[in-house]
Amino acid sequence: MTNYIIRRLLLNLLVLWFVASLVFVGTHALPGDFAAQRVASTFTGADQTEAIAFARHELGLDKPLWRQYLEFMGELARGDLGTSLENQQSTWHELGARVPATLELGTLIVLISFSLSLPIGVISAVKQNTWIDYLLRGFSILGVAMPVFVVAILMSLLVVKFSLFKIDVIGHPHFWTDPVASAKLYVIPAIAGGISGGAGVMRLLRSQMLEVLRQDYIRTARAKGLHDRTIWVRHALKNAMLPVLTVMGLTISGIVGGQIILESMFNIDGVGRFLLAKLTTRDFAPFQGTVLVIAFVIVTVNLAVDLAYAWLDPRIRYTFN
Amino acid sequence: MSQDNYWLRRAQAGSISRRRFVGGAAAAGVGAAALGLVGCGDDDSTATPTNAGGGTTPGATGAASPTAAAAAPIDGGVLVRTLGATQFDSVDLHRAQRDEVGWLTGYTLNKIIRFSDPDAGDIAADLAEKWETPDAQTYTFSLRKDVKWQNTPITNGRQFTADDIKWHIERQAAGLLLDGTAASFRFKADWVGVKVETPDQFTVKLTLPKPNGAFLPRLAAFFAGVPNREATEKFEKSHNTLTPEAQPATNAFMIQQWTTGKDIILKKNPDHFRKGEPHVDGIIYPWGLFQDPNAYRLAFEQKQIDGWSSPDASVTKSVLDANKNTMKESLSGVSNTVLLHLNMNKQFKDVRLVRAVNMAYDRRAQVQAMHQGLGQVSGPVTWLQEGWAVKPEDLIKQEGYRIDRALEIKDARALWVAGGGPALGEVDIKVEASFAALWPDMYAFVPKMLNDALGVSQFKSSRTTYNEEIIPNLFKGEYPNWVAWTNAVDNPDPRVDIYGKFNSAGTQNWSKVNDPTLDKHLNDALLTADTSKAKASMLQAQDILLKNGHFGACNLYNYISRSARWNYLHALTKDEVTGGKSTGGFWNTASGNLEAKYTWINSKDPSYSDTVKNRKL
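Right under this line is the structure:
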């Protein structure tokens with residue numbers, strides 16, 4: 001197992017290098033650079049070639065691409081994710097300011113998502129073809145079908161129309177600075193994201209549960225006289241969770257990358273919105289650095305999920321051939 | 001961080017135990033989940049366009065609230081405004097390329113003179129209390145003696161003197177940094193050759209290299225604020241980094257915070273020379289917040305911001321209709337003129353072809369289709385520059401602007417054939433990407449309109465961008481035919497702009513126009529210091545342009561943005577300045593310096609609330 005983990009970590013490093021190179025090439029292949037975007041964003045009719053050239057030189061964008069790539073890799077090797085051309089802040093600093101908001105929203109989304117999807121998936125399976133099953137399946141289908149922004153807009157319109165509470169889209173309240181304002185800000189995006197993220201898990205868990213509940217060992221457990229709840233939770237759910245775990249892992253990974261739509265809709269200063277803004281302005285260093293951090297989280301969570309398989313199913317043993 | 005932490009604050013105050021701290025945190029999470037289950041089951045500067053012949057205009061609405069209009073200004077309060085997709089490329093006004101920098105300095109810096117009515121171009125004193133212009137080449141300004149730089153480190157409330165203006169002009173003309181290296185100074189050309197003399201600390205005499213009747217409006221226009229020398233030099237090397245200290249104020253507001261991605265906070269300058277201004281304690285501009293319409297609307301409807309505009313004007317209208325007693329409508333002209341540019345160096349060498357397309361292009365139909373009728377056609381000088389534009393009743397008699405569409409089409413078809421249009425083959429009228437991003441239907445609308453009007457099938461539309469295809473090829477004459485919006489109209493006086501585009505010696509004469517009569521009118525307009533003579537010459541020049549399809553650089557229209565604002569906000573409006581004699585138009589980008597005088601918060605208005613009251617800088 002230790003050997004497997006070490007090899008997976010080395011493979012992850014290779015994946016991260018590949019991601020970094022791909023993002024570097026991809027971003028630099030986009031038309032326009034930061035200097036042109038900044039200087040010539042409006043059509044003044046004047047020849048701005050000289051101004052753009054000055055800006056490029058000042059910002060170091062006139063260096064050959066290969067040199068910029070080597071400098072980028074050199075910085076990465078030293079743990080430096082680069083510096084923003086827009087405000088001269090380090091990417092770590094910028095990310096540090098935004099990760100809390102993303103984690104707050106992400107944690108709530110995960111909590112809501114899993115606290116909805118797990119019970120609904122199980123109940124729907126054990127009450128198959130009853131009105132409860134139809135109701136819960138209908139809800140999950142609605143959750144899959146309704147885009148997250150529609151749910152969020154409808155809820156926020158209701159809040160405004162009936163003056164239910166103030167959604168502070170300007171103050172950027174955090175849970176640790178103003179928990180009440182923070183809860184009011186995050187509740188709608190968390191519910192919308194939770195429903196959206198949980199709906200797929202509900203359906204997957206239901207189908208897995210139905211399959212497991214038909215297995216011989218479940219019948220044996222029943223024959224032994226075990227209580228239904230024990231059978232569902234201890235025997236069926238644990239085995240049904242393997243593929244569900246993969247989806248849940250991806251959900252958690254996705255949250256670290258930020259919820260671009262929800263963050264934008266509620267003006268939450270998180271990683272997703274930051275990423276979009278940096279790409280729009282062609283401020284590549286923080287964009288590249290952020291993508292790399294997200295990639296790191298994803299490969300790490302994937303590794304953790306793989307290791308969790310072995311915990312859930314002791315028959316699974318990892319080797320690296 | 002501990003100062004900001006609610007939980008630590010409560011713990012330190014002894015009002016919360018550790019157990020309760022943990023329990024409270026957990027409960028908040030569960031509470032959110034439980035709510036989830038329940039859930040399952042200037043910116044807004046404004047004007048009031050009125051009906052004017054020749055244009056598609058909205059109904060005249062947006063009269064000032066009777067409550068606000070009748071009341072005397074009340075001091076205090078904080079405005080919260082919108083700041084869209086924004087970049088500031090430099091704290092050095094001289095070197096900044098981005099319009100945002102010029103906009104911000106409208107609040108913080110004074111100009112030698114300023115516009116008292118930015119649409120009509122009326123000029124008033126600012127740093128100068130009086131001036132003399134014996135001819136269009138010599139300008140002598142007597143400066144106010146009560147102007148002081150803000151009283152903070154670096155400037156320490158220093159007296160503003162003639163030396164500040166001398167440095168301001170000579171630095172731009174030289175285009176050099178302190179270490180002698182050359183840098184890009186956006187308006188260098190305006191100052192090269194200007195001789196600056198300062199006979200005393202409060203007198204500045206400027207002698208131009210040649211007569212320029214448009215020099216005074218230039219001094220009052222966008223980017224004409226006079227920045228501080230000490231701060232500019234101190235931050236010269238780090239001019240890309242936004243630092244409030246890098247731009248000390250003389251004007252009504254000082255920059256308290258200037259943080260990329262967060263906000264700009266402007267604070268009342270207690271040492272501003274116009275006593276009693278500004279009325280508000282400050283203005284907050286949350287940065288880039290409202291790129292999403294939902295967040296924007298939420299903020300407005302909950303009074304976290306004072307004004308709002310939906311990308312869809314009908315949505316704004318519906319919100320206004322639902323809140324008739326507490327909100328009012330603002331209609332403001334958008335200063336980015338929509339332009340059709342045909343390349344006369346390539347496909348459109350024959351001016352008859354240009355005229356044909358200019359007539360075939362249905363400006364009013366486009367205003368209807370893309371802007372829900374909120375817009376007005378513009379001649380060579382836009383309707384926003386009302387002091388110089390062809391009057392609407394005259395404009396509608398000109399080709400391309402006539403109400404009789406059948407007549408336009410008949411004449412356009414005849415010219416298209418006479419000029420050899422059918423032999424051109426495929427004609428691509430490209431749509432610039434940033435424009436198409438907002439109005440994607442343009443790709444289908446433009447070719448259909450032109451094909452239908454000219455009875456052909458040779459027009460098509462594809463994508464282009466300013467940065468990639470248009471600007472790099474302008475000066476080579478290799479640019480595509482394109483339709484898009486242009487830079488913002490930033491000066492009520494159009495002389496320099498029109499001269500640059502259509503005079504044979506103009507620096508932006510991409511169509512290579514060479515018409516001696518037109519040259520004469522443009523020269524006459526520019527060389528005289530007599531505004532009425534200049535306006536007459538400009539009308540004659542516009543007549544030639546209108547009869548020649550603008551030589552390919554066809555202004556189409558300026559559209560109008562509909563926004564809503566709460567009644568408690570007494571905003572800068574054209575009615576306010578003109579004493580209710582609004583004749584249509586807009587506040588151009590030079591109007592920011594009037595904000596301090598006309599904007600205040602009416603705390604007695606029924607729409608005023610605790611949310612507005614509790615705002616803090």
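For the protein sequence lines, the chains are A and B, in the order given. If you read the first sequence in our numbering, its first letter stands for residue 1, the second for the next number, and so on. If you read the second sequence in our numbering, its first letter stands for residue 1, the second for the next number, and so on. C-beta: ideal position from N, C-alpha, C; glycine also.
(request) Using a Cβ-Cβ cut-off of less than 7 Å, list which residues of the segment 234-245 of chain B approach chain A; keep chain order. (result) Asn240, Thr241, Leu242
(message) Determine, for B:Leu83, whether the minimum Cβ-Cβ distance to residues of chain A falls below 9 Å.
(response) No Cβ of chain A is located within less than 9 Å of the beta carbon of B:Leu83.
(message) Between A:Pro314 and chain B, is the shortest Cβ-Cβ distance under 9 Å, so that the two count as touching?
(response) no
(request) Output, in chain order, the set of chain B residues within a Cβ distance shorter than 9 Å of A:Ile141. (result) Simply none; closest approach about 14 Å.
(request) Could you list the residues in the segment 127-154 of chain A with a C-beta less than 8 Å from some C-beta on chain B, going in chain order? (result) Residues of the segment 127-154 of chain A with a C-beta less than 8 Å from any C-beta of chain B: Phe139, Phe149, Ala152, Ile153, listed in chain order.
(message) I'd like to know whether the C-beta of B:Asn481 is nearer than 9 Å to at least one C-beta of chain A.
(response) no
(request) Could you tell me which chain B residues have their CB closer than 9 Å to the CB of A:Arg206, listed as they occur along the chain? (result) Within chain B, no residue comes near A:Arg206; the closest Cβ sits about 17 Å away, beyond 9 Å.
(message) Taking a contact to mean a Cβ-Cβ separation below 9 Å, would you say A:Ala192 touches A:Met155 in this structure?
(response) Between A:Ala192 and A:Met155, the gap from beta carbon to beta carbon is short of 9 Å.
(request) Could you list which residues in chain B have their beta carbon closer than 8 Å to that of A:Arg38, in chain order? (result) Going along chain B in sequence order, the residues near A:Arg38 (Cβ under 8 Å) are Gln87, Asp89, Gln97, Arg98.
(message) B:Gln97 and A:Ala55 - do their beta-carbons sit closer together than 9 Å?
(response) yes
(message) Contact defined as beta carbons within less than 8 Å: I believe A:Ala152 pairs with A:Ile188. What is the distance between those atoms, to the nearest angstrom?
(response) 6 Å
(request) Find the residues of chain B that neighbour A:Ala101, judging by a C-beta separation of less than 9 Å, and give them in chain order. (result) Taking the beta carbon of A:Ala101 as reference, no residue of chain B falls within 9 Å; the closest one sits roughly 13 Å away.
(message) Determine whether the beta carbon atoms of B:Lys166 and B:Gln159 lie at a separation below 9 Å.
(response) no
(message) Looking only at its chain, what residues have a beta carbon closer than 6 Å to the beta carbon of B:Asp42, apart from the 5 residues adjacent to it on each side?
(response) For B:Asp42, the predicted model reports a pLDDT of 34, less than 50, meaning its position is unreliable; a value from the coordinates is still stated below. Here the set comprises nothing.
(message) Three or more C-beta pairs under 8 Å: does that hold for the segment 24-40 of chain A against the segment 281-291 of chain A?
(response) Contact between the segment 24-40 of chain A and the segment 281-291 of chain A is present, because at least three Cβ pairs lie under 8 Å.
(request) Take the Cβ of B:Ser462 as the centre, count every other Cβ of all protein chains shown within 10 Å, and call the residue buried at 16 or more, exposed below. (result) exposed
(request) Find the nearest neighbour of B:Ala389 within the set B:Ala313, B:Ala536, B:Thr259, B:Val319, judged by alpha-carbon distance. (result) B:Ala536
(request) Sort B:Pro118, B:Arg95, B:Asp271, B:Lys210 by Cα distance to B:Gly157 and report the nearest one. (result) B:Asp271
(request) Check whether the Cβ of B:Gly282 sits closer than 8 Å to any heavy atom of the ligand SAM, and report yes or no. (result) As far as ligands go, the structure on display features none, and thus does not contain the ligand SAM.
(request) Rounded to whole angstroms, what's the CA-CA distance from B:Glu197 to B:Trp131? Just pull it up for me. (result) 14 Å
(request) Consult DSSP for A:Arg7 and reduce its assignment to one of helix, strand or coil. (result) helix
(request) Let me know the secondary structure DSSP gives A:Tyr217 once reduced to three states. (result) helix
(request) For the segment 159-186 of chain B, enumerate the residues whose C-beta is nearer than 8 Å to any C-beta of chain A, in chain order. (result) Ala183, Ser184, Arg186
(message) Given a cut-off of 9 Å on the beta-carbon distance, is the pair B:Phe222 and B:Gly102 in contact?
(response) The Cβ-Cβ distance between B:Phe222 and B:Gly102 falls below 9 Å.
(request) Give me whichever residues DSSP pairs with B:Ala553 in a beta bridge. (result) B:His341
(request) Return the CA-CA distance between B:Phe472 and B:Gly77, expressed in angstroms with no decimal places. (result) The question names Phe, yet the displayed sequence has Pro at residue 472 of chain B. Cα to Cα, the separation comes out at about 47 Å.
(request) Would you list the residues sitting across from B:Glu432 in a DSSP beta bridge? (result) B:Glu432 is bridged to B:Thr464.
(message) Please state whether the Cβ-Cβ distance between A:Val212 and A:Ala240 is less than 9 Å.
(response) yes
(request) Compare the beta carbon distance of B:Ala484 and B:Leu339 with 9 Å and say whether it is the shorter of the two. (result) yes
(message) Suppose you measure from the CA of B:Asp441 to the CA of B:Asp350; what does that come to, to the nearest Å?
(response) Using only the alpha carbons, I get a separation of about 29 Å.
(request) Taking B:Leu219 as the reference, give the member of B:Asp190, B:Pro244, B:Lys237 with the closest Cα. (result) B:Asp190
(request) Please list, in chain order, all residues of the same chain as B:Lys145 whose beta carbon is under 7 Å from its beta carbon, the five residues on each side excluded. (result) Phe202
(request) Closer than 7 Å, Cβ to Cβ, to anything on chain A: give me those residues from the segment 286-318 of chain B, in chain order. (result) Pro286, Gly288, Leu289, Gln291, Asp292, Asn294, Ala295, Leu298, Ala299, Glu301, Gln302, Gln304
(message) Which residues does DSSP list as the beta-bridge partners of B:Ser504?
(response) DSSP output for B:Ser504 lists no bridge partner at all.
(message) If contact is defined by three or more beta carbon pairs under 8 Å, each pair taking one atom from either stretch, is the segment 572-581 of chain B in contact with the segment 422-430 of chain B?
(response) no
(request) Kindly say whether B:Glu468, judged by its beta-carbon, lies nearer than 9 Å to any beta-carbon of chain A. (result) yes
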